[in-house]
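Below is one structure, written out as structure tokens; the observations come after it.
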Amino acid sequence: MPKVSELRRVALRVPDMEAACAFYETVWAMDPGPGASGERSYRSRGENHDDLLLVPADGPGLDHLGLGVESEAGLHAIVRRVRSAGGTVLSEPAPGSRAGDLLVAAVADADGNRVELIVPSQPSGPRPIRSKRHLGHAVLWTPQATQQEAFYALLGFQVSDRTHIGMSFLRCNTDHHSLALAASRNGRRGLQHLAFDIGNIDDVMREYARIRSAGADCIWGVGRHGPGNNVFAYFRDPAGHVVEYYGDMETVESAEVAQVRYWGPEHKGDIWNIAGAPPVQFRDESPSKETP
Ligand SMILES: [Fe+2]
């Protein structure tokens with residue numbers, strides 16, 4: 014069954030482009046890409062394509078997710094599957110206008126988030142030979158987790174783990190998750206956070222020190238998550254988006270042996286119990302109090 018094979022891009026809306034660029038270049042240590050008119054693109058150091066896009070806007074938030082599809086035939090098949098399931102196709106497969114996008118179609122997920130399905134002009138390659146640094150996952154708030162899970166299942170995502178606070182962790186390759194959904198009782202939707210895989214625990218600790226010396230405060234971490242087993246540290250960009258660095262994420266090599274695990278209320282988000290409570294941005298408050 015044709016499916017999405019990676020989280021390829023997160024596009025963020027930023028009200029202050031210069032402040033955002035300074036953060037992602039200097040603090041987050043990403044390399045500038047070509048960008049389209051008015052937009053700025055960035056790639057994780059060593060990666061072969063842009064994986065962060067900054068789009069000028071009046072307010073912050075998610076502009077779109079970009080998901081990689083390995084072939085043109087696969088892209089057409091996924092678009093047909095979304096349409097036949099009653100989903101919204103925003104644009105048919107067509108040549109992409111951004112660097113590295115050979116072919117792009119756009120669909121809307123159950124919450125109306127724009128999801129671009131991208132056949133890359135240069136494949137990212139199998140996991141083991143990928144750059145150590147790359148865009149790793151995104152987490153979306155959703156007031157309708159069941160419908161969102163069903164939508165992402167159409168794209169080929171499988172559930173790895175669930176938690177007692179209504180999170181579901183979804184994988185599309187051997188990484189434990191490339192996407193996660195955070196259930197909201199208060200109508201929140203859109204991006205909760207985006208995250209970059211930088212390798213292992215030593216890389217996270219070195220980066221933690223470097224980022225703090227660059228003037229950014231860690232808002233949660235360092236700790237180790239239960240679902241995914243990754244070592245994490247969370248920060249905020251100038252627009253208020255929560256961004257994470259992590260390492261040592263669990264891999265799922267065989268779907269046949271994978272079992273969906275459930276993390277109950279005894280799990281507080283950090284299996285080391287040193288990181289403290291999750292940050293205020295992760296509380297399920299009403300959208301009026303929401304920071305992106
Ligand atoms: Fe995360």
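Number 110 in my numbering belongs to position 97 of the sequence shown; there are no gaps in the numbering.
Where is the CB? At the ideal position from N, CA and C, for every residue including glycine.
TODO: State the DSSP-derived secondary structure class of Ser-88, mapped to helix, strand or coil.
DONE: In the sequence shown, residue 88 corresponds to position 75, counting from 1. Position check: residue 88 holds Leu in this sequence, whereas Ser was assumed. DSSP places Leu-88 in helix when its eight states are reduced to three.
Open item on the list: Quick check: the stretch 224 to 235 against the stretch 187 to 195, are at least 3 beta-carbon pairs closer than 8 angstroms?
Closed with: no
TODO: Quick one: which unbroken beta strand (DSSP E) runs of 3-plus residues sit fully inside the stretch 75 to 159? Chain order, please.
DONE: 101 to 108, 114 to 121, 127 to 133, 147 to 155
Open item on the list: Going by the DSSP bridge assignment, what does Gly-236 pair with across the sheet?
Closed with: By 1-based counting over the sequence shown, the position of residue 236 is 223. In the DSSP output, where bridge partners are listed per residue, Gly-236 has Phe-245.
Open item on the list: Tell me the DSSP secondary structure of Thr-176 in three-state form.
Closed with: Position 163 of the sequence shown holds residue 176. The answer is strand: DSSP assigns Thr-176 an E or B state.
Task: Helix, strand or coil at Arg-219 according to DSSP, with G and I counted as helix - done: In the sequence shown, the residue the question calls residue 219 occupies position 206. In this structure, Arg-219 counts as helix in the three-state DSSP scheme.
TODO: Tell me whether the beta-carbon of Asp-210 lies closer than 7 angstroms to the beta-carbon of Gly-113.
DONE: Counted from its first residue, the sequence shown places residue 210 at position 197. Counted from its first residue, the sequence shown places residue 113 at position 100. No; because the gap between Cβ atoms is not below 7 angstroms, this pair is not in contact.
Task: Local conformation of Ile-214 per DSSP, three classes - done: Residue 214 sits at position 201 when you count from the first residue of the sequence shown. Residue state, collapsed to three classes: helix.
TODO: State the DSSP-derived secondary structure class of Thr-187, mapped to helix, strand or coil.
DONE: By 1-based counting over the sequence shown, the position of residue 187 is 174. Looking at Thr-187 - three-state DSSP - the assignment turns out to be coil, as it is neither helix nor strand.
Open item on the list: Quick check: is any heavy atom of ligand 1 less than 6 angstroms from the C-beta of Ala-208?
Closed with: The residue you call residue 208 lines up with position 195 of the sequence shown. It does: the Cβ of Ala-208 is within 6 angstroms (strictly closer) of some heavy atom of ligand 1.
Task: Closer than 6 angstroms: Glu-257 CB and nearest ligand 1 heavy atom - done: The residue given as residue 257 occupies position 244 in the sequence shown. True, at least one ligand heavy atom lies under 6 angstroms from that Cβ.
Task: Exposure label - His-177; buried when at least 16 CB within 10 Å - done: Stepping through the sequence shown from its first residue, residue 177 is reached at position 164. His-177 is exposed by the Cβ-count criterion.
Task: Three-state class that DSSP yields for Leu-167 in the structure shown - done: The residue labelled residue 167 in the question sits at position 154 within the sequence shown. In the structure shown, Leu-167 sits in a helix (DSSP, three-state: H, G or I).
Task: For Thr-304, the three-state DSSP class (helix, strand or coil) - done: Here the question's residue 304 lines up with position 291 in the sequence shown. For Thr-304, the predicted model reports a pLDDT of 49, less than 50, meaning its position is unreliable; a value from the coordinates is still stated below. Note: Thr-304 maps to coil in three-state DSSP.
Open item on the list: Less than 7 angstroms between the C-beta atoms of Val-172 and Val-265, yes or no?
Closed with: As a first step, residue 172 must be located in the sequence shown, where it is residue number 159. As a first step, residue 265 must be located in the sequence shown, where it is residue number 252. No. Outside cutoff.
TODO: Could you tell me how far apart the beta carbons of Gly-79 and Arg-22 are, in whole angstroms, since I believe they sit closer than 8 angstroms?
DONE: Your numbering for residue 79 matches position 66 in the sequence shown. Your numbering for residue 22 matches position 9 in the sequence shown. Confirmed, about 3 angstroms.
- [ ] Give me the Cα-Cα distance between Asn-213 and Glu-257, rounded to the nearest whole angstrom.
- [x] Along the sequence shown, read from residue 1 onward, the residue named residue 213 stands at position 200. Along the sequence shown, read from residue 1 onward, the residue named residue 257 stands at position 244. Computed Cα separation, rounded: 14 angstroms.
- [ ] Would you check if there are 3 or more beta carbon pairs closer than 8 angstroms linking the stretch 155 to 173 to the stretch 219 to 229?
- [x] no
Task: Pairwise C-alpha distance: Ala-121 and Ala-252 - done: On the sequence shown, position 239 is the one that residue 252 refers to. On the sequence shown, position 108 is the one that residue 121 refers to. The straight-line gap from Cα to Cα measures roughly 24 angstroms.
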